[in-house]
Amino acid sequence: MKEYFSRFAIENADDPMIIGAQISIALVTIGIIVGLTYFKKWGYLWRTWLTTVDHKKIGIMYILAALLMLFRGGVDALLMRAQTAIPDNGLLDAQHYNEIFTTHGVIMILFMAMPFIIGLMNVVVPLQIGARDVAFPRLNAVSFWLFFIGAMLFNISFVIGGSPDAGWTAYFPLAGNDYSHTVGMNYYAIAIQIAGIGTLMTGINFITTIMKMRAPGMTLMKMPMFTWSILITNLIIVFAFPVLTIALALMTMDRLFGTHFFSIDNGGMDMLWANLFWIWGHPEVYIVILPAFGIFSEIITTFAQRNLYGYKSMVFSMVAISALSFVVWTHHFYTMGHGVVVNGFFSITTMAIAVPTGVKIFNWLLTLWKGKIHFTVPMLYAMGFIPIFVIGGVTGVMLAMASADYQYHNTMFLVAHFHYVLIPGTVFGVLAGFTFWWPKIFGFSLSERIGKWAFWFIAISFNVTFFPLFISGLSGQARRMYTYSENAGFTIYNMISFVGALGLAFGFLLIVYNIYWSTRYAKRHLTEDPWNGRSLEWATHSPVPEYNFAIIPQVDSTEAFWDQKEHGKELFKGNIEPIHMPNNSGQPFIMSAIFFVFGFAMVFSMWIVAIISAIGIFACMWYRSFENDHGHYIPVEEIEATERKSGVIANED
Amino acid sequence: MKIDHSVPKEYATEENRLKIFGFWIFIGAEVALFGTLFATYLTLVGHTATGPTGSEIFEIGPVLIETFVLLTSSFLIGLSVHAMRLGNKKAMLTFLGLTLLLGLTFLGVEIYEFTTYVHEGAGLQTSAFTAALLTLLGTHGAHVTLGLFWGLAIIIQVSKRGITPETANKSFIFSLYWHFLDVIWIFIFSFVYLKGLM
Amino acid sequence: MRKKWFLSLLVVLLIPMLSGCNVLVLNPQGPHAETQANVIKISIITMAFILLVVYSLFIFMLTKYRASKQDPNYKPPHIEGSKVLETIWIMIPVLIVAFLSILTVRSTSDVEATPKSMQDEKPLIIYASSSNWKWHFSYPEENIETVNYVNIPAKRPVEFKLYSFNTMTSFWVPQLAGQKYAMANMVNTLHMAADHPGSYFGRNANFNGKGFANMDFEVQAMTAKEYDKWVSEVKSTAKPITKPEFDKLLKDSHVGLKTYTGTHLEFDPAPTSHQHSGGQDEPEDMEGHEGHDMSKMEHDKK
């Protein structure tokens with residue numbers, strides 16, 4: 000019996016951090032359960048959140064989860080920077096450090112950046128195209144809950160069984176059973192797999208939504224740029240994520256069923272994992288950056304009060320970037336010994352991506368030309384993005400050159416490069432989008448004053464944290480080193496970096512404080528259009544009613560709402576009619592809960608539980624197939640009442 | 000729900016059109032999925048270690064039966080959709096049922112094939128080649144198995160509820176899925192068996 | 000915003016400084032590292048030029064078109080785009096990419112071969128194989144073996160034949176050449192040469208578990224005479240490497256510096272270079288260093 004349960008134990012169970020984490024998780028869980036019971040909110044929780052199929056609520060849940068994961072990933076980062084701040088530091092031993100950088104990478108990319116972006120796309124895209132919801136609302140809920148339990152499964156590894164420790168890239172044979180013998184890498188394979196299924200469903204959902212549910216008159220070339228970026232991003236998702244699905248499945252089979260896909264014996268090929276991982280992995284980083292580009296297009300046009308310069312080339316550049324993103328993967332391992340021809344080819348394709356990206360930078364700069372620039376918090380992020388991201392971009396071109404990469408590869412130079420594109424790109428983008436669309440969702444704005452402080456702390460501290468790492472990489476500091484000796488000469492760079500990390504942490508804390516402060520003190524319901532916006536989401540109420548628009552708008556330009564304001568073009572013609580909406584459902588949540596059990600059972604090779612829960616998942620699908628749920632209609636009187644309460648926007652005559 | 004009577008029932012409502020479009024995109028994802036499995040197989044096909052090679056274990060007999068059975072089932076489901084469009088519920092269900100029966104036959108032969116391989120020393124754990132082979136074939140087979148249950152659910156719904164825009168939509172989408180599995184099989188037949196036996 | 004522009008200026012100024020500091024990559028001591036350092040410097044200058052253009056435009060736009068500097072009634076015009084400008088900022092980057100591509104292909108081809116300045120010398124072949132967490136250096140020509148340090152003759156091309164007994168590692172001596180992966184089942188060749196005698200830092204650059212951070216080694220380049228003297232010293236004083244001794248080396252996590260006569264290649268040959276045929280070679284190759292056995296041993300040792 001003891002042997003059976005010992006598989007759940009952590010290797011160094013008496014570590015204070017692990018015990019602390021276990022206690023906090025237990026306390027928080029108990030706190031949540033007690034709180035919900037005391038305030039009698041179980042019903043509310045179930046009806047309003049756990050069973051919702053409303054894209055706006057789903058979006059909020061994604062973003063909330065992303066913020067929580069940002070916190071966990073950020074703590075990981077601080078610990079790493081603290082450990083490496085001085086040579087031969089004893090704060091974290093090798094095993095801990097290895098677990099921490101592995102979880103930092105997985106969490107930040109897959110459980111912070113992805114859900115943040117998917118959350119924003121959920122909230123905004125149906126509004127921007129004048130639709131009432133996404134094409135498949137029930138599937139949308141499944142997407143969210145699968146992501147959520149995938150994230151939960153991943154996070155619980157810290158306290159049950161042990162975290163993964165082979166890097167977020169999980170190269171073999173290190174990630175195989177022989178050299179990673181705890182269940183940590185099982186968590187990696189299975190939690191990401193489950194969350195990935197959710198993401199794939201999002202891909203199908205949003206392509207269908209954008210292609211088929213746009214308001215009348217909104218041709219593809221009249222869509223807002225954020226929606227364009229989301230369309231292209233989801234196309235990448237649909238073709239890239241299945242590669243990850245297979246890669247993780249093969250990894251699971253190697254680890255759990257003794258197969259030899261990636262092993263170094265019996266014909267296995269460790270290089271195959273690297274190839275499959277990066278065939279997914281490179282498109283993945285474009286999945287997280289393109290939406291940020293879309294957000295910046297919205298923000299720059301809004302706060303320069305100008306139309307987007309070069310709309311067509313902005314679209315084509317994103318198409319080019321997405322296509323090229325599938326043919327560059329080998330640049331992640333030039334040093335694997337491919338030879339000059341292969342490395343030369345991939346160097347060229349990789350550098351080629353700089354061209355459409357450069358087009359976008361210039362188009363943004365020219366959008367500022369003859370504009371009227373207001374430095375609101377979202378605009379500050381956009382203006383911080385341009386100069387800082389470009390450093391990431393040009394260092395990317397440097398890394399693309401194979402011969403030079405033989406020196407840069409796997410050093411802190413690489414780490415600095417990708418943080419220079421991910422943070423000023425993706426993170427600034429989602430923070431800007433979050434601030435920008437917050438008032439639309441909640442009916443009040445975040446404090447500009449606190450937001451500006453947060454921005455400056457983050458923007459400056461970011462450079463302090465990561466710029467020195469370019470130099471330490473060139474000095475010989477490889478990545479993923481838990482410590483280094485004094486005579487290596489890396490100390491000064493890492494110490495400066497640590498100071499910057501403290502500044503970054505403070506900046507992020509200010510953002511959290513901003514949410515608290517604004518929720519408590521900000522004035523409510525001042526206006527539905529706080530930023531003088533240009534696209535359709537600003538043409539409805541704040542907060543947005545369940546049905547989004549009482550009357551579907553009719554569009555004939557790229558900036559439909561702006562044209563209504565400036566040129567009096569009427570958006571909402573005709574009468575209010577009953578609106579068909581989908582019903583809530585508990586199935587996505589329940590099926591995902593069963594998926595959690597399945598995933599957990601697989602991690603610990605509990606085959607009977609796994610089989611039973613797998614049957615349970617199929618039973619849910621069977622039940623769904625026979626379901627006769629056709630949604631409901633919102634009667635005209637109710638719509639009119641809601642419209643009156645929010646201040647009439649739609650015509651009633 | 001607005002029903003457009005000028006198009007076949009499976010396309011007749013907006014929701015129906017969305018579902019068909021979404022399913023085509025799903026098929027795009029499945030192409031990427033099977034593409035990866037094929038790429039893995041073709042990379043590892045020579046990595047036989049101490050285990051057997053394809054030419055040593057492939058038998059053309061069962062493979063031909065599998066191919067004939069699956070291709071015929073695809074034809075039959077085409078007939079089923081045609082009958083559905085003509086409003087002939089009985090014919091539709093008959094053809095659909097025969098499709099699933101042939102699918103079951105396919106699976107039976109494939110299971111026989113797998114057990115034979117294992118007895119011959121070509122198991123999942125034998126070599127990278129056998130792992131890739133059995134995973135590619137097995138994923139296709141798992142898709143067929145899922146299809147059997149899905150098709151069964153549709154048969155039950157159509158017999159109970161008749162041919163409605165909803166059931167027509169489900170049946171049509173199922174037929175897309177089934178045809179897709181057939182296309183994958185053609186690639187398997189060509190790049191796994193034929194190539195292995197040459 | 001000006002702060003960001005200042006940063007790029009800093010980068011440009013840093014180049015000469017960095018060569019002076021301990022920035023190994025920009026302080027090359029061998030022909031291939033020098034090729035790479037030159038490529039890096041050229042790319043830094045090219046990229047700095049791009050940053051200059053972007054930052055200038057950026058600062059101009061922000062200073063000139065700030066709302067605070069304008070008439071409150073000013074309404075920005077609708078400007079759709081300009082085919083001319085678009086063409087310019089596509090063509091110039093294309094030219095830059097083309098230039099860098101040619102530079103890349105040329106330099107990559109250079110560093111993947113014997114250094115041009117040493118073409119008429121016979122390369123010295125040394126096998127560098129990694130196990131968790133150490134480097135084994137086998138010198139087939141001299142018939143000696145060292146662990147965690149390697150001596151080479153200066154001014155002579157060296158071909159390191161890289162492979163691994165288990166995890167994927169990356170053999171990197173920043174001042175002499177770029178790095179290359181050492182993997183099980185195949186052998187990679189890394190060309191390297193030292194211009195002068197000296198001590199050069201080397202390490203594994205690919206994370207491979209607990210002992211990764213300490214997996215470094217010293218490369219000492221010596222004059223030809225000193226090198227030959229060292230080899231004969233080893234031959235006369237060191238013990239021969241035996242299979243049991245080697246198996247123990249493989250199993251232990253950290254073994255310090257060791258020297259032997261003979262090489263392990265005699266009883267444990269390297270993988271054949273191209274394993275496309277997969278299986279046939281493997282059972283014999285893997286006998287001495289099967290993944291399974293070693294890992295269990297390593298985890299028992301903390």
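Protein chains in written order, with numbering that gives the first Met the number 0: chain A, 0 to 652; chain B, 0 to 197; chain C, 0 to 301.
No residue lacks a Cβ here, since even glycine has one placed at the ideal position from N, Cα and C.
Element boundaries [alpha helix (DSSP H), containing residue i]
{"i": "Met-83/B", "result": "59 to 84"}
{"i": "Val-218/C", "result": "Here Val-218/C belongs to no alpha helix (DSSP H); instead the beta strand (DSSP E) covers 215 to 221."}
{"i": "Lys-82/C", "result": "82 to 110"}
{"i": "Leu-50/C", "result": "30 to 63"}
{"i": "Phe-170/C", "result": "First-last for Phe-170/C: 168 to 171, but that is the beta strand (DSSP E), not the alpha helix (DSSP H)."}
{"i": "Phe-113/B", "result": "88 to 118"}
{"i": "Ala-153/C", "result": "From DSSP, Ala-153/C is part of no alpha helix (DSSP H); its letter is neither H nor E."}
{"i": "Tyr-178/A", "result": "Segment: none, Tyr-178/A is in no alpha helix (DSSP H) and carries neither H nor E."}
{"i": "Ile-611/A", "result": "606 to 625"}
Buried/exposed call for residue i, threshold 16 Cβ in 10 Å
{"i": "Leu-94/C", "result": "exposed"}
{"i": "His-195/C", "result": "exposed"}
{"i": "His-540/A", "result": "buried"}
{"i": "Ala-97/C", "result": "exposed"}
{"i": "Thr-653/A", "result": "As displayed, chain A neither begins before 0 nor continues past 652, which places residue 653/A out of reach and without an answer."}
{"i": "Phe-38/A", "result": "exposed"}
{"i": "Pro-312/C", "result": "Given a span of 0 to 301 for chain C in the structure shown, any question on residue 312/C remains unanswerable."}
{"i": "Gly-89/A", "result": "exposed"}
Cβ-based neighbour list, residue i, same chain, cut-off 7 Å, excluding 5 preceding and 5 following
{"i": "Phe-597/A", "result": "Ala-609, Ser-612, Ala-613 and Ile-616"}
{"i": "Pro-282/A", "result": "Ile-235, Ala-239, Ser-324 and Phe-325"}
{"i": "Asn-293/A", "result": "Residue 293/A is actually Gly in this sequence, not Asn. These residues qualify, in order along the chain: Met-224, Phe-225, Trp-227, Ser-228 and Ile-229."}
{"i": "Ala-234/C", "result": "Note that residue 234/C corresponds to Lys in the displayed sequence, not to Ala. The answer, listed in chain order, is Ile-143 and Thr-260."}
{"i": "Arg-623/A", "result": "Gln-586"}
{"i": "His-95/A", "result": "none"}
Through-space distance from residue j to residue i, alpha-carbon basis
{"i": "Ile-193/A", "j": "Ile-108/A", "result": "15 Å"}
{"i": "Ala-153/C", "j": "Val-30/B", "result": "55 Å"}
{"i": "Ile-352/A", "j": "Gln-553/A", "result": "37 Å"}
{"i": "Asn-139/A", "j": "Val-52/A", "result": "7 Å"}
{"i": "Lys-18/B", "j": "Ser-556/A", "result": "28 Å"}
{"i": "Pro-156/C", "j": "Phe-164/C", "result": "25 Å"}
{"i": "Tyr-208/B", "j": "Gly-202/A", "result": "Look at the range of chain B in this structure, 0 to 197, and you will see that residue 208/B is not part of it."}
{"i": "Thr-12/B", "j": "Lys-359/A", "result": "40 Å"}
{"i": "Leu-95/B", "j": "Val-141/A", "result": "29 Å"}
{"i": "Thr-329/A", "j": "Asn-274/A", "result": "7 Å"}
{"i": "Leu-50/C", "j": "Leu-69/B", "result": "60 Å"}
{"i": "Met-480/A", "j": "His-408/A", "result": "14 Å"}
First and last residue of the uninterrupted beta strand (DSSP E) at residue i
{"i": "Ile-125/C", "result": "123 to 130"}
{"i": "Met-191/C", "result": "187 to 191"}
{"i": "Phe-659/A", "result": "A question about residue 659/A goes unanswered here, because the residues of chain A that appear run from 0 up to 652."}
{"i": "Trp-134/C", "result": "133 to 138"}
6 Å CB neighbourhood of residue i in its chain, flanking five on each side removed
{"i": "Ile-578/A", "result": "Tyr-546 and Ile-633"}
{"i": "Tyr-40/B", "result": "Ala-131 and Leu-135"}
{"i": "Pro-7/B", "result": "Arg-84"}
{"i": "Ser-534/A", "result": "Gln-127, Pro-223 and Phe-560"}
Contact set for residue i: own chain, Cβ-Cβ below 8 Å, skip 5 residues either direction
{"i": "Thr-198/B", "result": "The first residue shown for chain B is 0 and the last is 197, placing residue 198/B beyond what the model contains."}
TODO: Select from the stretch 108 to 130 of chain B all residues with a C-beta closer than 8 Å to any C-beta belonging to chain A, and list them in chain order.
DONE: Leu-123, Gln-124, Thr-125, Ser-126, Ala-127, Phe-128 and Ala-130
Task: the stretch 113 to 138 of chain A: positions lying closer than 7 Å to chain B by Cβ - done: Only those residues of the stretch 113 to 138 of chain A whose C-beta falls short of 7 Å from the nearest C-beta of chain B are listed: Ala-134 and Phe-135.
- [ ] Mind checking the stretch 196 to 219 of chain C against chain A and listing, in chain order, the residues whose C-beta falls within less than 8 Å of any C-beta there?
- [x] Phe-200, Arg-202, Asn-203, Ala-204, Asn-205, Phe-206, Asn-207, Gly-208, Lys-209, Gly-210, Phe-211 and Ala-212
TODO: Closer than 7 Å, Cβ to Cβ, to anything on chain C: give me those residues from the stretch 492 to 504 of chain A, in chain order.
DONE: none
Open item on the list: What are the residues in the stretch 54 to 78 of chain C lying within 7 Å of chain A by C-beta distance?
Closed with: Tyr-54, Leu-56, Phe-57, Met-60, Leu-61, Tyr-64, Arg-65, Ala-66, Gln-69, Tyr-73, Pro-75, Pro-76, His-77 and Ile-78
- [ ] Determine which residues of the stretch 37 to 69 of chain B have a Cβ less than 9 Å from any Cβ of chain A, and write them out in chain order.
- [x] Hits within the stretch, in order: Ala-38, Thr-39, Thr-42, Leu-43, Gly-45, His-46, Thr-47, Ala-48, Thr-49 and Gly-50.
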